[in-house]
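Peer 1: If you read the sequences in order, they're chains A and B.
Everything in the first sequence is counted per the numbering used here, starting at 1 for the first residue and increasing by one.
Everything in the second sequence is counted per the numbering used here, starting at 1001 for the first residue and increasing by one.
Just so you know, even glycine gets a beta-carbon here, dropped at the ideal spot from N, CA and C.
On a predicted model such as this, the values are computed, not experimentally measured, just so you know.
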Amino acid sequence: MTAEPLVPIDLAQIDVRVAPDLLPFAAPLENGVTGWNDRDVLWLGPDEWLVVSEPQTASTVARELHDALAGHHHSVLDVSANRIVFDLIDGLEVLSSGCGLDLHPTRWRPGMCAQTLFRKAQVILHQRDERTTRVFVRPSFERDVIDRLAATRVS
Amino acid sequence: MLLIRCPWCGPRDEIEFRYGGQAHIAYPADPDALSDADWADFLFMRDNPRGPFRERWYHVHGCRRWFNAVRDTSTHRFVATYRIDEEPV
């Protein structure tokens, strides 16, 4: 993990729940991430996904989803304020200190995501490439998670 | 720590889960027709076997889905886990 301070990234996050075959994009497999145009689609559950896109695009993405799913039972919610996001570089070893997931590179590969715990904090982990892990954390746990990551890195 | 296999997410630490009691207890078709004793039986009385027990579990810190599990109450070994819409094993 590099020594740069962790800076939150401003991103739009849209939670969508609907039957998988109705999605306007190919649904990612379990614990997986797919692309939809230039957006990331994270698997959260069998009928739930998180669309992550550039800041200020939440209403555009939400409208696209609403239009595509019109007439079907669905839910589209802008949850951009729900989680703070930052990118960890070379941070898997540090994350492993507080996370029960098997984050060894043979099991945890780019293009995977998971909702899990880092110590007591709920997090979503998204492995973007070999080195970069994107971490989504509830705002009230942000300080704790960042402090703990930094402390583990030092010791 | 126990490793519990969520039918959706795969194997996870037990701290990600919450226990939900005995599984496969159907809501009475006509609750009004039940006597107080039968209603109390439905609400409160649960099996307490020694050995394999079908239970509900909730993956609260993961996909937030309920699923069923067969757990051996004498060894805490999870014999199987299966989705809500799957047949009991």
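(1) By alpha-carbon positions, which one of A/L65, A/T60, A/R134 ends up nearest to A/G91?
(2) Take the Cβ of B/E1087 as the centre, count every other Cβ of all protein chains shown within 10 Å, and call the residue buried at 16 or more, exposed below.
(3) Count the other CB atoms within 10 Å of the CB of A/Q127; is the residue buried (16 or more) or exposed (fewer)?
(4) Given 8 angstroms as the limit, is there contact between the segment 1028-1044 of chain B and the segment 1070-1077 of chain B, that is, 3 or more CB pairs closer than that?
(5) A/W43 and A/G32: beta carbons closer than 7 angstroms?
(6) May I ask you to report which of helix, strand or coil DSSP gives A/R83?
(7) What whole-angstrom Cβ distance do B/R1046 and B/G1021 have, given they're in contact under 8 angstroms?
(8) Any chance the CB of B/R1018 is under 6 angstroms from a heavy atom of the ligand ATP?
(9) Please report the distance separating the alpha-carbon of A/L22 from that of A/L69.
Peer 2: To lay it out plainly:
(1) A/R134
(2) exposed
(3) buried
(4) no
(5) yes
(6) coil
(7) 6 angstroms
(8) Annotation note on the ligand ATP: not contained in the displayed structure, which lists no ligands.
(9) 7 angstroms
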